[in-house]
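Report on the structure given below.
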Amino acid sequence: MTANHPISRDAARVMNRFDLISRMVRRLHHEEAVIGGIGYSNFDLWAAERRPQNFYMLGSMGLACPIAFGVALAQPHRRVIALEGDGSILMQLGALSTIGAQRPRNLTIVLLDNGAYQITGGQPAASALGTDLVAVARGAGLAQSSWAADEDDFEEQIDRALTEDGPWVIGCRIDNEKPRDTTERDPALIRDRFMRGLGVKS
Ligand SMILES: Cc1ncc(C[n+]2csc(CCOP(=O)(O)OP(=O)(O)O)c2C)c(N)n1
633 MTANHPISRD
643 AARVMNRFDL
653 ISRMVRRLHH
663 EEAVIGGIGY
673 SNFDLWAAER
683 RPQNFYMLGS
693 MGLACPIAFG
703 VALAQPHRRV
713 IALEGDGSIL
723 MQLGALSTIG
733 AQRPRNLTIV
743 LLDNGAYQIT
753 GGQPAASALG
763 TDLVAVARGA
773 GLAQSSWAAD
783 EDDFEEQIDR
793 ALTEDGPWVI
803 GCRIDNEKPR
813 DTTERDPALI
823 RDRFMRGLGV
833 KS
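So the sequence shown is numbered by my numbering: it starts at 633 and just counts up by one.
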C-alpha cells in the first residue's frame with residue numbers, strides 16, 4: 633500500500649526494526665552515511681550490514697540526529713540518514729527544531745517508534761501516550777515528515793529521500809522484537825572506522 637496522503641500514527645502498520653533497516657540498507661548505493669542511535673537502533677543497523685559509513689551510537693540518548701546533522705553540514709554532497717528511537721528523540725526534541733531551521737537537503741531522519749524505552753526494560757514512552765512524533769517534527773519546521781504506512785511505503789519514502797531534496801522525516805511504528813545482534817562495544821574503533829568510511833582519516 634502507498635500512502636498518497638499523510639496518515640496518523642494510529643493508522644501506520646506496526647513493522648519490524650531489523651526488517652526495515654535491512655530494506656533501507658539494501659536501497660543505499662552512494663556511500664550514504666547512516667547513524668544508528670542508542671537503544672536497539674544501532675544493534676539492528678550492525679546486524680543488517682557492517683558498512684564503514686555506519687556510525688553506532690553507544691551511551692548517549694538523542695545524539696543520532698545531532699551527529700547526522702553535523703555530517704550532513706560537513707559533507708553536503710553525501711546523503712545522511714539518522715535512525716533514532718522514540719525514547720531518544722523525546723530526550724532531544726530541540727534537535728528537530730535546529731534541523732527544521734537549517735533544513736539540510738541531504739538529511740533524512742528515520743524515527744523508530746515502539747512506544748517504549750525497550751533496551752532498558754520496555755518502560756512506556758510518551759509516544760505511546762499521545763505524542764505523535766511526526767506531528768512534532770512537522771511543527772518543528774520539517775514539512776516533509778510522514779508515517780510509513782507499511783513496508784512498501786517505507787521503501788518508497790527511502791528512495792525519495794535518497795534522490796530528492798530533504799530534509800525528510802520518516803516515522804515508523806515498530807514491534808518490540810529483540811534486535812538480531814549486539815553491536816561490538818568499542819567506541820574508539822567505531823569512531824575510527826566511521827571517519828575512514830567518510831574519507832576524513834587515512
Ligand atoms: C541520559 C540518559 N538517560 C538514560 C539512559 C539509559 N538508556 C539507554 S538507552 C535507553 C532507552 C532508549 O530508548 P529508545 O531510544 O526508544 O530505543 P529502544 O531501546 O526502544 O530501541 C535508556 C533509558 C542513557 N543512556 N542516557
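Heads up, the beta-carbon is just placed ideally off N, CA and C, and yes, glycines get one too.
Please read all numbers here as calculations on a predicted model, not as lab measurements.
Work out the CA separation of residue j and residue i for me, nearest whole Å.
i	j	result
Ser759	Arg683	30 Å
Ile822	Tyr688	7 Å
Gly753	Tyr672	12 Å
Gly747	Val832	37 Å
Ala772	Thr740	15 Å
Trp779	Ala733	21 Å
Gln685	Leu830	6 Å
Arg659	Arg792	11 Å
Val657	His709	19 Å
Arg785	Val766	The identity of residue 785 in the sequence shown is Asp, whereas the question assumes Arg. Computed Cα separation, rounded: 15 Å.
Asp797	Ser692	29 Å
Glu816	Ala665	19 Å
Glu681	Leu652	13 Å
Ala643	Leu761	15 Å
Taking the continuous alpha helix (DSSP H) assigned at residue i, which residues delimit it?
i	result
Asp745	Counting along the chain, Asp745 falls outside any alpha helix (DSSP H), though it belongs to the beta strand (DSSP E) covering Leu739 to Asp745.
Ser640	Element bounds for Ser640: n/a, residue is neither H nor E.
Ile751	Premise fails: Ile751 is in no alpha helix (DSSP H) and is neither H nor E.
Gly732	Gly726 to Gln734
Leu830	Taken as a continuous stretch (DSSP letters only), Leu830 belongs to no alpha helix (DSSP H), as it is neither H nor E.
Sorted by chain position, which residues of the same chain lie with C-beta nearer than 8 Å to residue i's C-beta, five sequence neighbours on each side aside?
i	result
Glu809	Asn648, Arg649 and Phe650
Thr814	Phe675 and Trp678
Gln789	Ser778, Ala780, Trp800 and Ile802
Ala775	none
Asp824	Lys833
Glu716	Gly669, Ser673, Gly694, Ala696, Cys697, Ile741, Val742, Leu743 and Leu744
Ala727	Gly694, Cys697, Pro698, Phe701 and Ile721
Ser640	Asp764 and Trp779
Excluding the 5 residues flanking residue i on each side, which residues of the same chain have their C-beta closer than 7 Å to its C-beta?
i	result
Val646	Arg805, Ile806 and Asp807
His662	Arg711
Ala704	Val712, Pro736, Asn738 and Leu739
Pro819	Leu690
Tyr749	Gly719, Gln755 and Ala757
Pro638	Ser778
Arg812	Phe650, Asp676 and Ala679
Within its chain, find whatever has a CB closer than 6 Å to the CB of residue i; leave out the 5 residues flanking it on each side and keep chain order.
i	result
Ile667	Phe687, Ala696, Ile699, Ala700 and Ala714
Gln724	Gly694
Glu787	Arg655
What are the boundary residues of the beta strand (DSSP E) that includes residue i?
i	result
Val712	Val712 to Gly717
Asn674	Element bounds for Asn674: not the beta strand (DSSP E) but the alpha helix (DSSP H), Tyr672 to Ala680.
Gly668	Ala665 to Gly668
Asn648	That residue, Asn648, is in no beta strand (DSSP E); it is neither H nor E in DSSP.
When you measure from the CB of residue i to every non-hydrogen atom of ligand 3, does any distance come out below 7 Å?
i	result
Tyr672	Inclusion of ligand 3 in the displayed structure is not the case, the ligand content consisting of ligand 1 alone.
- Kindly provide the ranges of any alpha helix (DSSP H) runs that are 4 or more residues long and lie completely inside the region 766-820, ordered along the chain. Under the rule that a run must span 4 or more residues, the alpha helix (DSSP H) segments found entirely inside the region 766-820 read 783-795.
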